[in-house]
Amino acid sequence: METKPFMSLESTILPMGWFLKPQCSLAPPPQRGRSGEACSCFTGMCHLHHPRISTGNTQRHLHIPSPSSPSWQTPHLGRHLYQINSSGQVTSSPLSSPTSHRGMHPSLLNPSSMGPSGSLHSPISTLSSPMNGLGSPFSVINSPMGPHSMSSPGMGYGPSVSPQMSQFLCLKNIRTFLKVCHDKFGLRNSELFDPFDLFDVRDFGKVISALSRISHHSIVQIKGVRPFPSEDTALNEDDVYRSLEELADEHDVGEDDIYDCVPCEDDGDDIYEDIIKVEVRQPMKMGMTEDDKRNCCLVEIQETEAKYYKTLEDIEKNYMIPLKQVLSPQDMGAIFVNLEDVIKVHFALLRAIDLNMVSGGNGLGKIFIDFKERLLIYGQYCSHMETAQKTLDELITTREDVKMKVEECTMKVQEGKFKLQDLLVVPMQRVLKYHLLLKELVSHSTDRPDRQQLKEALEAMQDLAMYINEVKRDNETLKKISEFQNSIENLQVKLEEYGRPKIDGELKVSSIVNRTKQDRYIFLFDKVVIVCKRKGYCYELKEIIELQSYKMSDDPMNNRDVKKSSGKMWSYGFYLIHLQGKQGFQFFCKTEDTKRKWMEQFEMAMSNIKPEKATANQHIFQMHTFEKNTNCRACKMLLRGIFYQGYYCSRCGTGAHKECLECITICKINPLDADLGLPSSGPKMVAVRNYHGTPVPPGKTPLSFQTGDFIELLKGEPDTTWWEGKLIQTQKSGFFPNNCVKPCLDPKPLFQSFPSRQPSRETDYYGYPWFAGNMERTQADNLLKSHSSGTYLIRERTAEAERFAISIKFNEEVKHIKVIEKDSWIHITEAKKFESLLELVEYYQSHSLKESFKLLDTTLRYPYKSKERGPASRASTRSPVFTPRVVSTAVARYNFAARDMRELSLREGDIVKIYSKIGGDQGWWKGEANDRIGWFPSTYVDEEGVQ
C-alpha cells in the first residue's frame, strides 16, 4: 500500500542574536518589497517595530547540528541593524551579505554549546562586518551556566514549544543572559535591568546601558570591538526610549510577516560523508544503461553500510570498551545511549545485504521492510544524542582522567581526525540516508520485477525517518513541559497528560458570574487551560479549565467599544462558554493582534481534542497516547511521537492519524464489547481526567484510562476513595480514584450508533461514502461529470449478471468498470483478486487502476459523497501588501492535518502554489492552498509546472 513519505530531518541554523522573543525582527522579509517595521533591539528580545526601515541583506548565522522538522526552520531575523553611535544615538545600517557560519563560536542562543557548571569555553564570539566593528553585545557570551540553561528558539511548527509562543521561555532566556552578565562580566545588579524592562520594552535605556558596559569590558576589548558610547550620554532621557513600550503595543505585527528560512550548510552531513565515503564508487556517466546505474546504487548501499558498520565497531572497540574503566554505567548509558543494540541490528542488516548481493540484489527491498521495526530503536538514540554530547563535554571539562582517556581513544580512530562528539552524530545521519539511497535505486529499477517491493521499502524508510523526527520533538516538548510543571505551585497532576503546550502568557480573566478582571498567567495545552497567578518567577495554580466542556466565542461588541475608545489596553476579549451552561470565562488581551494569536491557538487545541471527523464512519475517536508502536489503520504508517501520537476509537480500538480519521472503514465493534448496548450489571462511568496508576491503590491493581474512556463500575461506595471498575473498550479491570470519573447519565448517545444486528448482504455497503446503491450508467455519468478527476462511486447494476460497477471521473470523461464476482472472489482483473468489495476499494484507493487498465492512471481518490476540498487550517493569511512569487505548483498526494497554526492543511488532490523551497532540505515547503498560506511536507505533494 502506498503510504505518505516522511518529512526529512537535517541540521538547522540560528541567526545571530535571535533568542528570547523571536516575534521581534530587524526588518520585514524581502518578499514584501516595501518599507516595513524594524526592531530597535538587534538581539530580537523585544517586540518593538519602527517604520520606514528599508530591507537589506541577510545576516550571518550560527549552526547547531540538531535533527529537526519545520519547528526548527530559520527566520531572516534582520537585514538592518540598529547601532549606538558615539553620541549614544540609535542609528540603523544594512547588514552585510550572507557569510558562512563555519568556524563561528556558538553564542548564548545555542543550548548545545553550553559549558558545565557555568564555565565559558570561549567568552567572545565576535562579528566583524555585520556590526561595523561594534559587535553584538548579546553574542559576545559563548557558553552560559550549563546544560539546558537556554531555550532553543523554533519556528513553532508542529508540537514543539517555541519562545515566540511562550512568555515563560522568553523570560527564562532573558534571566539566563542577565546571570551571565553578572557572573562572567562582573556587572552589578544595579547596572543591569529587570527582565520585563526588555520583554515589555518598558525601560529600554537600561538595556542599552548594560550593553554599553559589556562593550567596555576587557574581554570584549581584547577582541578589538569598539565600545559605545564614547562619552556619557543620558540614554533614558531620549524620546526614542521613553515611548518604546507604547510603540511596541501599537506595532505588534504577526510573526508570519517576519520570519522566513535561510539556507545553511550542513556540518553533520560533512562529517558523515567524510567517514562513510565510498572510495571505489564510480560516477554515473552519460551512456550508462539503467542496469549499470542500478548496479551502482546497489554497490553504494552495500559499501556504505559496510563502512558504517565499521565505524560502529570502531566506536565500540576504541571508545565504549576503554571508557568503561573510568566511567560509571550511568555515564556510559548517558553518552552511548542504546548504541550496543544499534550495533547488533546493523551486524544483522549488513549480513542480510551481503547475502542478497550475492544473488544480484533482487529482493533488497524486502530486507529494509523486514528491518523497519528493528530500526525504530533509533528514535531513542537520536532523541538523546544532544544530551549525550553535553554529558561528554561536561565530563571532559570536570574530570582530568576522562579527558585524558578520551584523547587517548581519539588517536586510535582515523589518527584522531574525528572526535567522539562527531562520531556520535553519525548514526543519526546514517539512518536518515536510507530513504535517499532507496529512492535513487527505485528510479533506476523501472522495469524490474521487484520495483513495487522497492517502493514499499522506500516508504518504510520514509516512515521510519518521520517517526524518529517526532520522537525527538516529543522528547524536547516533554522537557519544556517539565519546566512548566516545576514552576507551578500546588499542581497535583502531570501536565503531559493534557497534551502539548500551545501558548502561554499574561492575560486578564473574568468569570461570567464575577465580572472583575484579574491578572492571570495562562498556560494553554491541547486539553486544558491552566490558570495561574504570577508570584515572581513562579506561578500559583488557580484553576484548570477542561476544554472538552467548552466552546470559544469572539466578543465583537467589546471590540467595537475598544475602537471607539481609541484602543484601550486589555480590552480585546473572547469567551469560553460552557456547553451545559455552567460557569464560563472571558479572556482579555492587551492588543488585537495578541487576541488573534490566542484565539488561533485555542481553535487549534479544540480541533485536536475534538476533530471534525472524530465520529466518521460510526467511530468514536479520541486523542490518545499509545504505549506501543502502532500503525494507522488507514495509511499503514506509524503513529508519530511518544505521547498523544494519534487517535483511538473507544469502540473498536482502531488507531489513526488526525488526517486519516475519515478514511477509516466503518467501525467494527470489538466482540468483547458486544454487550455494550444491553443492560449491564454495573453503572457506566465516563473518565473526566487521565489516570495512569499514580497514586497507587493500596494493595490493589490500578486501572489506567484516559479522559473520555467509558468504565463499568464493579464496586464502589460514595464514601470510599478507591472504586473498582472495568474499562469497556479493553475489558481490563482494576482500581482507580473515584474523583477521576463521573456517571454517564445517558449511555444512549454512546451506543446509539451500534447496529443491533449484522447488516444484510444487500445493505452492508450503504454506510460508505462511495456506495451509491442501485444506479444506472447514465445516472452515474450525470452525477460525476461536474466533479473533479478521481471522484468515484460504486453502484449496483440493475438486471445485470455482474452485480457491481465502478464509475470514476478521469480527466474529462466518466469511465465504468465491471466488478466480477466468481468462485468466492471479487476482482476487476484476474491478476488481482479480493475477498470482498471493501478490500478491492481499499486497495485501489492507494494503487493506480493502470495496473489493470493502462490508460486509466488514477486511484480511487474522492468518494462522491465526500467533499473533495476540505477546509484548510487557519495557517497564515496573505497580507494585503504581501504578494509572494509562485515558483511552481503541485498537487497534494495525501491528506495532511496541520498540528500548528503555521502549518498548512492539505486534502488529497489540492492544487498548491509553492512560494518557497528554502526549507526543502528539512522536508518542508511554503505554499498556498484553499486561500491559506503555510508550511507543509514537501514529500506530500507532486510538483508540476515550474513558473
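Residues in the sequence shown are numbered consecutively from 3, following our numbering. Cβ atoms here follow ideal geometry from the backbone N, Cα and C, with glycine treated the same way.
Judged by DSSP secondary structure, Asp506 falls outside any alpha helix (DSSP H) and instead within the beta strand (DSSP E) spanning Pro503 to Ser513. Here the alpha carbons of Ala462 and Leu434 stand approximately 12 angstroms from one another. In this structure, Ala390 keeps its C-beta atom at 8 angstroms or more from the C-beta atom of Leu351.
Residue environment for Lys820: exposed (fewer than 16 other C-beta atoms within 10 angstroms of its C-beta).
The segment 523-530 makes contact with the segment 539-557; the number of CB pairs closer than 8 angstroms reaches 3 or more.
In this structure, the alpha-carbon of Tyr649 lies about 4 angstroms from that of Met625.
For Leu906, the closest C-alpha among the options Arg887, Met430 and Trp927 is that of Trp927. Cα atoms of Lys612 and Gln464: separation of roughly 29 angstroms, rounded to the nearest angstrom.
Assignment of alpha helix (DSSP H) within the segment 413-484, counting only whole runs of 4 or more residues, yields 422-425, 428-433 and 436-445 in chain order. With 16 or more other Cβ atoms inside 10 Å of its own Cβ, Gly381 counts as buried. For Pro720, the three-state secondary structure derived from DSSP is coil. Gly929 is positioned such that its CB atom lies closer than 8 angstroms to that of Tyr917. If you draw a straight line from the Cα of Arg691 to the Cα of Asn740, it is about 11 angstroms long.
In the displayed model, Arg215 falls within a helix according to three-state DSSP. In the three-state DSSP reduction, Tyr942 falls in the helix class (H, G or I). Here Leu578 is buried, its C-beta having at least 16 other C-beta atoms within 10 Å.
Secondary structure note for His818: it is in no alpha helix (DSSP H), and the uninterrupted beta strand (DSSP E) holding it is Glu815 to Lys824.
With a 10 Å radius around the Cβ and a threshold of 16 neighbouring Cβ atoms, Asp403 comes out exposed. Non-local beta-carbon contacts of Asp556 in its own chain, meaning distances under 8 angstroms to residues more than five positions away in sequence, involve Phe576, Tyr577 and Met601 in chain order. Beta-bridge partners assigned by DSSP to Thr891: Lys915. Taken through DSSP and simplified to helix, strand or coil, Arg353 comes out as helix. Listed in chain order, the non-local C-beta contacts of Ile505 below 6 angstroms within the same chain comprise Met167, Leu526 and Gln603, local neighbours out to five positions each way being set aside. Look at Val227 here: in three-state DSSP terms it is coil, with no helix or strand label. Per DSSP, reduced to three states, the secondary structure at Gln588 is strand. Per DSSP, the beta-bridge partners of Gly936 are Gly929. In the three-state DSSP reduction, Phe806 falls in the strand class (E or B). Judged by their CB atoms, Phe370 and Tyr436 are nearer to each other than the 8 angstroms cut-off. The beta carbon of Cys299 lies closer than 8 angstroms to those of Leu439, Glu442, Leu443 and His446 in the same chain, with the five residues before and after it left out. By the Cβ-count criterion, Tyr539 is exposed, with fewer than 16 other Cβ atoms from all chains shown falling within 10 Å of its own Cβ. For Arg653, the closest alpha carbon among the candidates Ser706, Tyr646 and Ile668 is that of Ile668.
In this structure, Gln423 lies near Leu394, with their beta-carbon atoms less than 8 angstroms apart. Annotation: His621 to Cys651 spans about 6 angstroms, alpha carbon to alpha carbon. At the C-beta level, Val914 and Ala899 stay beyond 8 angstroms of one another.
Going by beta carbons, Met430 and Cys384 fall inside the 8 angstroms limit. With contacts defined as CB atoms closer than 8 angstroms, Thr891 and Glu946 qualify as a contacting pair.
Lys835 sits in a strand when the DSSP states are folded into three classes.
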